[in-house]
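Engineer: Note that this note's numbering gives residue 193 to position 193 of the sequence shown, counting from 1, and the numbers run on in steps of one. For each residue, glycine too, the CB sits at the ideal point set by N, CA and C.
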Amino acid sequence: MTTAQPLDVQPTPLALLLLGRESDPRSERGVECPGDLPAASDPDLVERARAAKAKLGSKVFVLGHHYQRDEVIEFADVTGDSFKLARDAAARPDAEYIVFCGVHFMAESADILTTEDQQVVLPDLAAGCSMADMATAEQVAECWDVLTEAGIADVTVPVSYMNSSADIKAFTGKHGGTICTSSNAERALNWAFEQGEKVLFLPDQHLGRNTAVRDMGMSLDDCVLYNPHKPNGGLTARELRAAKMILWRGHCSVHGRFSLDSVNDVRERIPGVNVLVHPECRHEVVAAADYVGSTEYIIKTLEAAPAGSKWAIGTELNLVRRLANRFADQGKEIVFLDKTVCFCSTMNRIDLPHLVWALESLADGKVVNRIEVDPEVASFSKLALERMLALP
1 MTTAQPLDVQ
11 PTPLALLLLG
21 RESDPRSERG
31 VECPGDLPAA
41 SDPDLVERAR
51 AAKAKLGSKV
61 FVLGHHYQRD
71 EVIEFADVTG
81 DSFKLARDAA
91 ARPDAEYIVF
101 CGVHFMAESA
111 DILTTEDQQV
121 VLPDLAAGCS
131 MADMATAEQV
141 AECWDVLTEA
151 GIADVTVPVS
161 YMNSSADIKA
171 FTGKHGGTIC
181 TSSNAERALN
191 WAFEQGEKVL
201 FLPDQHLGRN
211 TAVRDMGMSL
221 DDCVLYNPHK
231 PNGGLTAREL
241 RAAKMILWRG
251 HCSVHGRFSL
261 DSVNDVRERI
271 PGVNVLVHPE
281 CRHEVVAAAD
291 YVGSTEYIIK
301 TLEAAPAGSK
311 WAIGTELNLV
321 RRLANRFADQ
331 GKEIVFLDKT
341 VCFCSTMNRI
351 DLPHLVWALE
361 SLADGKVVNR
371 IEVDPEVASF
381 SKLALERMLA
391 LP
């Protein structure tokens, strides 16, 4: 009887990346954040952040995404969703440093829209976005080849969600497409169908499907799902030719957790509750909800809600908690749609120690974690963003 010898297996680049032992500059995720961070237990963190921000004065402009922790939001000059914040940054050309408390694709968008004299800083390079990671430039180029072979590329218009990397935005701009947000997805799709017969929607399948079916009256049969991990996306040429919406197989790891059971359970537990969800949720969740809309829509709906009303919100937990606290004195009951607590894990990588480190470094004249988009990529990305801004 012989003893099996251990296999001499060499780790792949992907395995090393997942283990945090290598990096991929084309990936949304970084794997390290160089520098000596303050300890999370440091009781002086708040004062250190205030002091560094005060020292920098008007040279720094801090952006805080709605999904950030309260401890970070406290130091934001403005709050909002990803596109609003990028535009806010562009509207402040006097600010030498833009500190973006969000995730990587958001900081990229800010770099694209701001001037060459401004420097965009992401406090933690590992703050990526799982949805944006689900579509790489190579995968999308291969998809376009599949559409070309099927004879439909010339009648297909790419529409990419704001939650995508600069590479994907550049692909969209180069191929005559536009960017959209969850607020203007219907307008973007209407524009796209005026330019061509089909839409390749990247990278969030749920926003694309919900907008097409719920808002524009298409059927589920008008949509096909392109899986980049299968040959030809797992679709036949006939299926591609018959489809109006070619949806990329991507999703938000937070919004994708909500289920129809979540909706049914909260209605049973809280009689009279209003279910309000983000359009990144699954189609069956959106169909069962009372209200559906972007982050800004969710906030405005709760602002206008009558005192004493009850709401179950299907979006990121930091925001839901903040809204619950904000409207508690008005007697509005606001709960998280699902029983399972789920933060956006990558968004939560931006914490007070990272923010303090970034601000103190800038105050000392050292720029850390600068986000710079390749000029050619930035040019085509900006073209796609400008098409969105020009939407009727």
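Starting from the Cα of P203, find the closest Cα among A185, Y97 and G331 and give me that residue.
Structural biologist: Residue numbering aside, residue 203 sits at position 203 when the sequence shown is read from its first letter. Comparing Cα-Cα distances from P203 to each of A185, Y97 and G331, the minimum goes to A185.
Engineer: In terms of residue numbering, what span does the beta strand (DSSP E) encompassing K169 cover?
Structural biologist: If you number the sequence shown from 1, residue 169 lands on position 169. From DSSP, K169 is part of no beta strand (DSSP E) but of the alpha helix (DSSP H) over A166 to K174.
Engineer: Across which residues does DSSP place N160 in a beta bridge pair?
Structural biologist: Position 160 of the sequence shown, counting from 1, holds the residue named residue 160. Per the sequence shown, residue 160 should be read as Ser rather than Asn. Paired residues: I179 and L202.
Engineer: Taking all protein chains shown into account, decide if S345 is buried (16 or more other Cβ within 10 angstroms of its Cβ) or exposed.
Structural biologist: For the purposes of this step, residue 345 is identified with residue 345 of the sequence shown, where counting begins at 1. Its Cβ having fewer than 16 others within 10 Å, S345 is exposed.
Engineer: Answer with yes or no whether the minimum CB distance from A289 to chain B is below 8 Å.
Structural biologist: Given the protein chain composition of this structure (a single chain), no chain B is represented.
Engineer: Check this for me: beta carbons of I179 and M388, under 8 Å apart or not?
Structural biologist: Residue numbering aside, residue 179 sits at position 179 when the sequence shown is read from its first letter. Residue numbering aside, residue 388 sits at position 388 when the sequence shown is read from its first letter. Contact flag set, yes.
Engineer: Taking 8 Å as the cut-off, does the stretch 60-68 touch the stretch 80-92 (at least 3 CB pairs, one atom from each stretch)?
Structural biologist: Touching, yes, given that three or more Cβ pairs across the two stretches are closer than 8 Å.
Engineer: In terms of residues, what are the limits of the beta strand (DSSP E) holding N274?
Structural biologist: Against the sequence shown, residue 274 aligns to sequence position 274. Run containing N274: N274 to V277, per the beta strand (DSSP E) assignment.
Engineer: Does E74 come out as helix, strand or coil in the three-state DSSP assignment?
Structural biologist: Within the sequence shown, numbered from 1, the residue matching residue 74 stands at position 74. Residue state, collapsed to three classes: coil.
Engineer: Taking D42 as the reference, which of A307, V356 and I371 has the closest Cα?
Structural biologist: One-based indexing of the sequence shown puts residue 42 at position 42. The residue with the shortest Cα to Cα distance from D42 is V356.
Engineer: May I have the straight-line CA-CA distance separating V335 from T236, to the nearest angstrom?
Structural biologist: Against the sequence shown, residue 335 aligns to sequence position 335. Against the sequence shown, residue 236 aligns to sequence position 236. About 43 Å.
Engineer: Does the stretch 126-138 touch the stretch 184-201, meaning 3 or more C-beta pairs lie closer than 8 Å?
Structural biologist: Output reads no: the stretch 126-138 does not touch the stretch 184-201.
Engineer: Hey, how far is the Cα of S381 from the Cα of E333?
Structural biologist: Against the sequence shown, residue 381 aligns to sequence position 381. Against the sequence shown, residue 333 aligns to sequence position 333. Roughly 41 Å separates the two Cα atoms.
Engineer: Taking the beta strand (DSSP E) that K310 falls in, what are its first and last residues?
Structural biologist: Within the sequence shown, numbered from 1, the residue matching residue 310 stands at position 310. It spans K310 to G314 - the beta strand (DSSP E) in which K310 sits, taken as one unbroken run.
Engineer: Tell me whether S109 is buried or exposed, calling it buried when 16 or more other Cβ atoms sit within 10 Å of its Cβ.
Structural biologist: Locating residue 109 in the sequence shown gives position 109, where the first residue counts as 1. Its Cβ being crowded by 16 or more others within 10 Å, S109 is buried.
Engineer: What residue from A52, Q139, R249 and D222 has the CA that sits closest to A242's CA?
Structural biologist: Residue numbering aside, residue 242 sits at position 242 when the sequence shown is read from its first letter. Among A52, Q139, R249 and D222, the Cα nearest to that of A242 is on D222.
Engineer: Taking C-beta to C-beta, are F105 and V159 nearer than 8 Å?
Structural biologist: As a working mapping, residue 105 is identified with position 105 in the sequence shown. As a working mapping, residue 159 is identified with position 159 in the sequence shown. Taking 8 Å as the Cβ cut-off, F105 and V159 do not qualify as a contacting pair.
Engineer: Please check the pair L276 and I299, which I expect to be a contact at CB under 8 Å, by giving their CB distance rounded to whole angstroms.
Structural biologist: Numbered from its first residue, the sequence shown carries residue 276 at position 276. Numbered from its first residue, the sequence shown carries residue 299 at position 299. Between I299 and L276 the Cβ distance is about 10 Å, and since that is not below 8 Å, they are no contact.
Engineer: What does the alpha-carbon distance come out to for the pair G365 and F343?
Structural biologist: Within the sequence shown, the letter at position 365 stands for residue 365. Within the sequence shown, the letter at position 343 stands for residue 343. Straight-line Cα distance between these residues: approximately 34 Å.
Engineer: Would you mind working out which of I270, A166 and I350 sits nearest L385, comparing C-alpha positions?
Structural biologist: Sequence index remark: in the sequence shown, residue 385 carries index 385 (1-based). Of the candidates I270, A166 and I350, the one whose C-alpha sits nearest the C-alpha of L385 is A166.
Engineer: Do you know offhand how far F75's Cα is from A91's?
Structural biologist: Reading the sequence shown from its first residue, position 75 is the one you call residue 75. Reading the sequence shown from its first residue, position 91 is the one you call residue 91. Spanning the two alpha carbons is a distance of roughly 19 Å.
Engineer: In the DSSP output, what is H65 paired with across the bridge?
Structural biologist: Here the question's residue 65 lines up with position 65 in the sequence shown. Note: H65 sits in a beta bridge opposite G80.
Engineer: Three or more C-beta pairs closer than 8 Å, one from the stretch 228-235 and one from the stretch 118-132: is that the case here?
Structural biologist: Segments in contact, no.
Engineer: Taking a contact to mean a Cβ-Cβ separation below 8 Å, would you say V213 touches L207 in this structure?
Structural biologist: As a working note, residue 213 is residue 213 in the sequence shown. As a working note, residue 207 is residue 207 in the sequence shown. No, Cβ-Cβ distance for V213 and L207 is not below 8 Å.
Engineer: Is it buried or exposed for D351, if we count other Cβ within 10 angstroms and need 16 for buried?
Structural biologist: Locating residue 351 in the sequence shown gives position 351, counting from the first residue. Answer is buried; the Cβ neighbour count reaches 16.
Engineer: Can you give the Cα-Cα distance for R322 and V103, rounded to whole angstroms?
Structural biologist: As a working note, residue 322 is residue 322 in the sequence shown. As a working note, residue 103 is residue 103 in the sequence shown. Rounded to whole angstroms, R322 to V103 spans 19 Å at the Cα level.
Engineer: If you count every other CB in all the chains shown that lies within 10 Å of the CB of K198, and 16 or more means buried, which is it?
Structural biologist: For the purposes of this step, residue 198 is taken as residue 198 along the sequence shown, with counting starting at 1. With 16 or more Cβ atoms within 10 Å of its Cβ, K198 is classed as buried.
Engineer: Which partner residues of Q410 appear in the DSSP bridge assignment?
Structural biologist: Given a span of 1 to 392 for the chain in the structure shown, any question on residue 410 remains unanswerable.
Engineer: The beta strand (DSSP E) that contains L225, what's its start and end?
Structural biologist: Walking along the sequence shown from the start, residue 225 turns up at place 225. Element bounds for L225: C223 to Y226.
Engineer: Leaving out five residues on either side along the sequence, give the residues of the same chain with a beta carbon under 6 Å from the beta carbon of S130.
Structural biologist: In the sequence shown, residue 130 corresponds to position 130, counting from 1. The residues are S253.
Engineer: According to DSSP, is F258 helix, strand or coil?
Structural biologist: As a working note, residue 258 is residue 258 in the sequence shown. Reduced to three states, the DSSP call for F258 is coil.
Engineer: DSSP state of I334, grouped into three classes?
Structural biologist: Against the sequence shown, residue 334 aligns to sequence position 334. Here I334 sits in strand by DSSP.
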